[in-house]
Each structure stands twice: as C-alpha cells, then as structure tokens.
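Under the working numbering, the residues of the sequence shown are numbered 8 to 120, in order.
Notes for the one structure printed next.
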Amino acid sequence: MDPQVIIIGAQDTLTVRRVFGDPIQTDGITMIPVASVAGGGGGGRGESGERGAGFGVKARPAGVYVIRDGEARWRPAVDVNRIILGGQLVAITALITLRPILMRWLSGRTAAG
C-alpha cells in the first residue's frame, strides 16, 4: 500500500471530531461525549523490495461534558475493567510483600512456643 495513502487516511482519522462527539440535548441538558484517541503507523520495505505500510487507531471513552443552566461539568467515564485489574495488581503485590514477613513471624512464634 502506498505510504501517502496511509498518511492521508491518518489525517482524516485523527481529527477533533474523533475526540468530541456530537452534542446530545435532552430536557435542557447538553452532553458532549469525549474519547481518548491514539494512533500510530509505520512503513518500510521487505526483503523482496516491496513497500508496505500500516496504520492503527485506538479509542476509548474518556467521559462527557454536561452543560446545564450555562454551567459545564466534567463527568469522567468509569472503566470497571481497569479498576478490577488495578485491585488485582495491588492484591498480588501485597501478597508477595507480606508472605516473607508472615513466614518470619510464624517461624519466630513456633520457635518460641
């Protein structure tokens, strides 16, 4: 694929329209959805001398601006999967850290008792 085509496609993809969604209005409230968008690409030549290129985009919800009575407030999106993963990492780290301490404490109690 022609790298120039990839660059043009990237420019069309990574725009402010991808980050801020169309406003949603209901009951006197306006909501503007917001996403976090990242992209990357690369290109080169293979051993046969053939050129190649690629591009990828990742988007995830960031939150929403809520506009009510002329006042805008930010409401972040909650990613439950990230919260669960973070909790698991904290628990694993705590277990790895506390195990040697508990083993030393238990061995000291059995030696004294």
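Beta carbons are placed, not taken as given, at the ideal position from N, Cα and C, and that holds for glycine.
Assigned secondary structure, residue i (DSSP; H/G/I helix, E/B strand, else coil)
{"i": "PRO107", "result": "helix"}
{"i": "SER114", "result": "helix"}
{"i": "GLY94", "result": "helix"}
{"i": "VAL123", "result": "A question about residue 123 goes unanswered here, because the residues of the chain that appear run from 8 up to 120."}
{"i": "VAL12", "result": "helix"}
{"i": "VAL85", "result": "coil"}
Beta-carbon contacts of residue i that lie in its chain and below 8 Å, excluding the five residues immediately before and after
{"i": "LEU21", "result": "VAL44, GLY46 and VAL64"}
{"i": "PRO30", "result": "THR37, MET38 and ILE39"}
From the options, residue whose alpha carbon lies closest to that of residue i
{"i": "VAL12", "options": "SER55, ASP34 and PHE62", "result": "PHE62"}
{"i": "ARG80", "options": "VAL26, ARG24 and ILE36", "result": "ILE36"}
{"i": "ALA66", "options": "ALA42, ARG52 and TYR72", "result": "ALA42"}
{"i": "ARG25", "options": "GLN32, ALA98 and PRO40", "result": "PRO40"}
{"i": "THR33", "options": "ASP76, PHE27 and LEU109", "result": "ASP76"}
Same chain only: Cβ atoms within 6 Å of residue i, ignoring 5 sequence neighbours per side
{"i": "ILE74", "result": "THR37"}
{"i": "ARG52", "result": "ARG58"}
{"i": "PRO83", "result": "GLY70"}
{"i": "SER55", "result": "none"}
Residues near residue i in its chain [Cβ-Cβ closer than 7 Å; skip 5 each side]
{"i": "PHE27", "result": "ILE39 and VAL41"}
Checklist entry - Counting Cβ pairs, one atom from each stretch, are 3 or more of them under 8 Å apart for the segment 45-65 and the segment 10-20? => result A contact exists between the segment 45-65 and the segment 10-20.
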